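Asks:
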Amino acid sequence: MEDVQGRADYRRIDINKVGIKDIRHPVRVRDRTGYEQHTVATFNMYVNLPQHFKGTHMSRFVSILSSHDREITVESFHEMLAEMTERLEAGSGHIEMTFPYFINKRAPISGVQSLMDYEVTFIGEMHPDRHETWVRVAVPLTSLCPCSKQIAERGAHNQRSLVIITALMNGFVWLEELIEIAEEEGSCDLYGLLKRPDEKYVTERAYDNPKFVEDVVRDIAARLNEDDRISAYQVTSENYESIHNHSAFALIEQDKRGYDSPFPCV
Numbered sequence: 001m002e003d004v005q006g007r008a009d010y011r012r013i014d015i016n017k018v019g020i021k022d023i024r025h026p027v028r029v030r031d032r033t034g035y036e037q038h039t040v041a042t043f044n045m046y047v048n049l050p051q052h053f054k055g056t057h058m059s060r061f062v063s064i065l066s067s068h069d070r071e072i073t074v075e076s077f078h079e080m081l082a083e084m085t086e087r088l089e090a091g092s093g094h095i096e097m098t099f100p101y102f103i104n105k106r107a108p109i110s111g112v113q114s115l116m117d118y119e120v121t122f123i124g125e126m127h128p129d130r131h132e133t134w135v136r137v138a139v140p141l142t143s144l145c146p147c148s149k150q151i152a153e154r155g156a157h158n159q160r161s162l163v164i165i166t167a168l169m170n171g172f173v174w175l176e177e178l179i180e181i182a183e184e185e186g187s188c189d190l191y192g193l194l195k196r197p198d199e200k201y202v203t204e205r206a207y208d209n210p211k212f213v214e215d216v217v218r219d220i221a222a223r224l225n226e227d228d229r230i231s232a233y234q235v236t237s238e239n240y241e242s243i244h245n246h247s248a249f250a251l252i253e254q255d256k257r258g259y260d261s262p263f264p265c266v
């Protein structure tokens, strides 16, 4: 049968990314405790398409995903990126693997344990001149407004915040380490289960540690700047305001290598 995708195209327009989105597959990730978490990831898989090709072979993406272990690991993720770029005869490839990651946290006073889930994404990019793997963690926090605390006679308004750190590493960094950096720089971190003494603690901790959205991203950036294992990063914070009909947002990008390379999209 004729390979329609392989026909010539005469519009002379390159396509930056073409492929498949939102396909789910089991994955296996080792955590800092030494155990392996078995979870399900959502994959986005793309390659570039030169102007002289009409289309790419969409079925090959699924075939590559299915040909690996039943549960994909971080190691096979890297192998899959190289295989995808080669099999689709592309100059560049891009894979995103997003999955829930769980950490068992103890409440600050009572010590009761509960699971917190975080959204983690591995982003692999292969180009003729470089091969990069970025790690993204999305961490929910509490933030308390310094201005509200300053002007109010009773209390201060706080809100749920979402911090996203996207980092390019040149050394090994546990996911837990990135998550802890974000949590430690909010007004207070979140817990799955709290007793009354814990609720008192987290409420008062947030009140004693007010931060604007700008403070959060700057404090996290300062931590990442000091870590030689991190070559480049993007950090964002969004406050889902409790007294406004809008969110507050801040972003910092830094490439410590001195390159002017693109960052993964927000």
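With this note's numbering, letter number 139 in the sequence shown gets 139, and the count goes up by one each step, no holes.
Glycine included, every Cβ here is placed at the ideal spot set by N, Cα and C.
It should be emphasised that the depicted structure is a prediction, and the values quoted were computed from it without experimental measurement.
Report the three-state DSSP secondary structure of Asp227 (helix, strand or coil).
Replies: It is coil, neither helix nor strand.
Asks: Please name the residue or residues paired with His25 in a DSSP beta bridge.
Replies: Per DSSP, Ala41.
Asks: Quick check on Ser67: buried or exposed, where buried means 16 or more other Cβ atoms within 10 Å of its Cβ?
Replies: Under this definition Ser67 is an exposed residue.
Asks: Just to confirm the assignment, what range does the alpha helix (DSSP H) spanning Ala82 have?
Replies: Ala82 -> alpha helix (DSSP H) spans 74 to 87.
Asks: Compute the Euclidean distance between the alpha carbons of Ser267 and Glu132, then round it to the nearest angstrom.
Replies: Outside the shown range of the chain, which is 1 to 266, sits residue 267, and nothing can be said about it.
Asks: Please identify the residue among Tyr233, His244, Val139 whose C-alpha is closest to the C-alpha of Arg257.
Replies: Per the Cα distances, Tyr233.
Asks: Please report the distance separating the alpha-carbon of Tyr118 from that of Pro108.
Replies: Cα to Cα, the separation comes out at about 19 Å.
Asks: From Leu162 to Val235, what distance separates their C-alpha atoms?
Replies: Cα-Cα distance, rounded: 11 Å.
Asks: How would you call Trp174, buried or exposed, if buried means at least 16 neighbouring beta carbons within 10 angstroms?
Replies: Under this definition Trp174 is an exposed residue.
Asks: Tyr118 CB to nearest chain C CB: under 9 Å?
Replies: The structure shown contains no chain C; it is built from a single protein chain.
Asks: In this structure, how does DSSP classify Lys54 when only helix, strand and coil are distinguished?
Replies: If DSSP states are grouped into helix, strand and coil, Lys54 belongs with coil.
Asks: Less than 9 Å between the C-beta atoms of Phe43 and Thr85, yes or no?
Replies: The answer is no: Cβ separation not under 9 Å.
Asks: Say whether the region 75 to 92 touches the region 50 to 64, bearing in mind that this needs 3 or more beta-carbon pairs closer than 8 Å, one atom from each stretch.
Replies: Yes: the two stretches touch, three or more of their Cβ pairs being nearer than 8 Å.
Asks: Would Met45 pass as a contact of Ile72 if the rule is Cβ separation under 9 Å?
Replies: The answer is no: Cβ separation not under 9 Å.
Asks: Could you tell me if Ser189 is buried or exposed, where buried requires 16 or more neighbouring beta carbons within 10 angstroms of its beta carbon?
Replies: Position check: residue 189 holds Asp in this sequence, whereas Ser was assumed. It counts as buried.
Asks: Please specify which runs of the alpha helix (DSSP H), each continuous and at least 4 residues long, are wholly inside the region 114 to 189, giving them in chain order.
Replies: With a minimum length of 4 residues, the continuous alpha helix (DSSP H) runs that stay inside the region 114 to 189 are 146 to 151, 175 to 184.
Asks: Based on Cα-Cα distance, which residue from His94, Arg24, Tyr240, Pro197 lies nearest to Asn158?
Replies: Checked all of His94, Arg24, Tyr240, Pro197; the closest Cα to Asn158 is Tyr240.
Asks: Tell me the residue span of the alpha helix (DSSP H) that contains Tyr207.
Replies: Run containing Tyr207: 196 to 208, per the alpha helix (DSSP H) assignment.
Asks: Taking all protein chains shown into account, decide if Val326 is buried (16 or more other Cβ within 10 angstroms of its Cβ) or exposed.
Replies: Missing from the structure shown is residue 326; the chain here goes from 1 to 266 and no further.
Asks: Inspect the beta-carbon positions of Ile123 and His94 and report whether they are closer than 9 Å.
Replies: Going by C-beta atoms, Ile123 is nearer than 9 Å to His94.
Asks: Does DSSP put Arg257 in a helix, in a strand, or in coil?
Replies: Three-state DSSP puts Arg257 in coil, outside helix and strand.
Asks: For Leu193, name the three-state secondary structure that DSSP assigns.
Replies: In the structure shown, Leu193 sits in coil (DSSP, three-state: anything other than H, G, I, E or B).
Asks: If you compare alpha carbons, which of Val18, Lys195, Gly171, Glu184 is closest to Arg229?
Replies: Among Val18, Lys195, Gly171, Glu184, the Cα nearest to that of Arg229 is on Gly171.
Asks: Would you list the residues sitting across from Arg106 in a DSSP beta bridge?
Replies: Beta-bridge pairing links Arg106 to Gln113.
Asks: Between Asp14 and the rest of its own chain, which residues show a CB-CB distance below 8 Å, the 5 nearest in sequence each way excluded?
Replies: Same-chain partners within the cutoff: Asn48, Leu49, Pro50, Gln51.
Asks: Tell me which residues share the same chain as Val18 and place their Cβ nearer than 8 Å to its Cβ, disregarding the 5 neighbours each side in the sequence.
Replies: The answer, listed in chain order, is Tyr46, Val47, Asn48, Leu49, Gly55, Thr56.
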